[in-house]
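Asker: Pasting a structure here, questions to come.
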Amino acid sequence: MRRQQQPQRQPQQRPLPDRLLISYTTQCSPKVVQAVENGVNVVIWAFCEMIAVPHHENGTDESSNRRNKAQCISRFDRDCAKEMIANLDNAGFQDTVHLVSFGGWNGPHLPDELTAEDMYRAWKDHCGDIFHGIDWDLEGHDRLDSPTNIFSTRCLENMGRFSELAKQDGYIIGMAPPQSYLDIDTPHFSRKVNLIDNTRDWHEDFHYFGANVYAYLLAKYGTYIDFVSIQFYESFSRAGMKVYHEHTTPENYLYDYVYNLATEQSGYFFVDFEQDPTLQYPSGKVKFPLSKLVLGFANGWAPAAGANFIDDTNDKVCYFDPIQIERAYKRLSNDNIPPRGFMYWVMDEDGNKGIDFSKSLNHILDTRRVENCDARDSNSHPQESS
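Numbering (my numbering), first residue to last: 120 to 505.
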């Protein structure tokens, strides 16, 4: 008797807004609805995971017919997310894009034993009719000897090929590298993300820096990547060094970062991929246009958020106050070089310390009209540096 073939789920297709206000959520909660109402137009649900499960071909248990099969699982309540997305659409928020993220700190990488094609099919079967695309957020691990503190070449290729397949089906693809994982200010490259950076004189003994591992994806598979959210809130990031150690004002740092990429570097930066011979990829300029650039911030969870001064007890995460972000964005807009938008981690923390980034960043980008609300946070204190 021939088994009836199941109908394939149709992919969700939705255009990416012109100006992006992106935020992550780790749970299905009223915070998601509130953030969307206040201006967030890209919601990223964290996290999905790929696992390899034993599979026997033709229903046998012979070892020669045994192979691993991809299975996609979600760490959030997928069914609740599906219902919430439908309710938001019915309430008039069909312009909001919903993506799912893979990775996270201490999270898994893509299993090397699986193919990109198998993983893509598994993701599409699991939630491809619910969400409008994916976001790559693969990072490192607290344990220095963890295997996920190095990106295998197979993992990188699978991320790229997965992106290609998804883009061909009309899905949206984003990625959110910590700043050292895609660093426009250095040519160095490594697949390791448990490095120290002895070129600096501030927290140079910190053991969790990367060296442009995501630049490889942007260089080889950039055609399939819609946006890149740079995590300025990476621990002891280059942004933090400039602001807290070298005393660059936060708005000047943001302005200089975008200005240098757009004008001094003409939308390109050089990476020496040949520092890793196993990659077998030529060194060269990586294209990074402003149409893909999203500036990523920490909200109220950052130790420096709402602080009147910064010292070595709260300098791990660089915090940018919305007023500082607004000043930088206005200057960039006046120079006709604004980034594509902003991202913040995480909407679960909206309201913490009286700080609401959905309202504040919407006030800057004007992604959504919100009636009867003061977009500026009353407890927000610009972290000016002299």
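No residue lacks a Cβ here, since even glycine has one placed at the ideal position from N, Cα and C.
Would a C-beta distance cut-off of 9 Å place K478 and G419 closer than the cut-off?
Answerer: For this step, residue 478 is matched to residue 359 along the sequence shown. For this step, residue 419 is matched to residue 300 along the sequence shown. For K478 and G419, no; Cβs fall outside 9 Å.
Asker: How would you label N481, buried or exposed, when you count the other beta carbons within 10 angstroms and need 16 or more for buried?
Answerer: Numbered from 1 along the sequence shown, position 362 holds the residue referred to as residue 481. N481 is buried by the Cβ-count criterion.
Asker: Identify whether Q125 lies in helix, strand or coil by the three-state DSSP scheme.
Answerer: In the sequence shown, the residue the question calls residue 125 occupies position 6. Because Q125 sits at a pLDDT of 46, beneath the cut-off of 50, its placement in the model cannot be relied upon, and the following sentence gives the value as read from the coordinates. Coil, per DSSP.
Asker: Please state whether DSSP places V362 in a helix, a strand or coil.
Answerer: Looking up residue 362 in the sequence shown gives position 243. Note: V362 maps to helix in three-state DSSP.
Asker: Just to confirm my understanding: we take S356, look at its own chain, exclude 5 residues before and 5 after, and list those with CB closer than 6 Å. What are they?
Answerer: Within the sequence shown, numbered from 1, the residue matching residue 356 stands at position 237. Q298 and C437.
Asker: Within 10 angstroms of its Cβ, does G247 collect 16 or more other Cβ (buried), or is it exposed?
Answerer: Along the sequence shown, read from residue 1 onward, the residue named residue 247 stands at position 128. Under this definition G247 is a buried residue.
Asker: Specify, as a first and last residue, the run of the beta strand (DSSP E) that Y376 falls within.
Answerer: Translated into positions along the sequence shown, residue 376 becomes position 257. Here Y376 belongs to no beta strand (DSSP E); instead the alpha helix (DSSP H) covers P369 to Y378.
Asker: If you pair each beta-carbon of the stretch 459-468 with each one of the stretch 136-145, do three or more pairs fall below 8 Å?
Answerer: Result yes; three or more Cβ-Cβ pairs closer than 8 Å.
Asker: Specify the secondary structure class of S477 as computed by DSSP and reduced to three states.
Answerer: Within the sequence shown, the letter at position 358 stands for residue 477. Of the three classes helix, strand and coil, the one that applies to S477 here is helix, per DSSP.
Asker: Name the DSSP beta bridge partners of R186, please?
Answerer: Numbered from its first residue, the sequence shown carries residue 186 at position 67. For R186, which the question treats as bridged, DSSP gives the partners H174.
Asker: CB-CB under 8 Å to G470, same chain, minus the five flanking residues each way: which ones, in chain order?
Answerer: Here residue 470 corresponds to residue number 351 of the sequence shown, with the count starting at 1. The residues are G419.
Asker: For R319, collect the residues of the same chain with a Cβ closer than 7 Å to its Cβ; drop the 5 residues on either side in sequence, then sort them by chain order.
Answerer: As a position in the sequence shown, residue 319 is number 200, starting the count at 1. For R319, where only same-chain residues beyond five positions count, the Cβ hits under 7 Å are M360.
Asker: Quick one: what's got a C-beta closer than 8 Å to D324's C-beta in the same chain, skipping five residues either side?
Answerer: Taking the first residue of the sequence shown as position 1, residue 324 is located at position 205. These residues qualify, in order along the chain: I315.
Asker: Could you check which residue in I444, Y376 and M278 has the C-alpha nearest to that of D254?
Answerer: Mapped onto the sequence shown, residue 254 falls at position 135. When only C-alpha atoms are compared, the closest one is M278.
Asker: Taking the straight line between their C-alpha atoms, what separation do you get for D391 and H307?
Answerer: By one-based count along the sequence shown, residue 391 stands at place 272. By one-based count along the sequence shown, residue 307 stands at place 188. Straight-line Cα distance between these residues: approximately 6 Å.
Asker: From the DSSP output, which residues share a beta bridge with V219?
Answerer: Position 100 of the sequence shown, counted from the first residue, corresponds to residue 219. Answer by DSSP bridge pairing, in chain order: W164 and I253.
Asker: Rounding to the nearest angstrom, what Cα-Cα distance links S183 and N268 in this structure?
Answerer: Looking up residue 183 in the sequence shown gives position 64. Looking up residue 268 in the sequence shown gives position 149. In this prediction, S183 scores a pLDDT of 47, lower than 50, which makes its location untrustworthy; the coordinate-derived value is nonetheless stated afterwards. Each residue's alpha carbon lies about 33 Å from the other.
Asker: Who are K201's beta bridge partners in DSSP?
Answerer: Reading the sequence shown from its first residue, position 82 is the one you call residue 201. Per DSSP, none; premise fails for K201.
Asker: Going along the chain, which residues of its own chain have a beta-carbon closer than 6 Å to the beta-carbon of D434, five neighbours each way excluded?
Answerer: Translated into the one-based positions of the sequence shown, residue 434 becomes position 315. Y363, listed in sequence order.
Asker: Between Y329 and V312, which are expected to be in contact by the criterion C-beta below 8 Å, what is the C-beta distance as a whole number of angstroms?
Answerer: One-based indexing of the sequence shown puts residue 329 at position 210. One-based indexing of the sequence shown puts residue 312 at position 193. It is Gly, not Tyr, that sits at residue 329 in the sequence shown. Yes, G329 and V312 are in contact; Cβ-Cβ is about 4 Å, under 8 Å.
Asker: Residues bridged to C191 by DSSP?
Answerer: Counted from its first residue, the sequence shown places residue 191 at position 72. Answer by DSSP bridge pairing, in chain order: M169.
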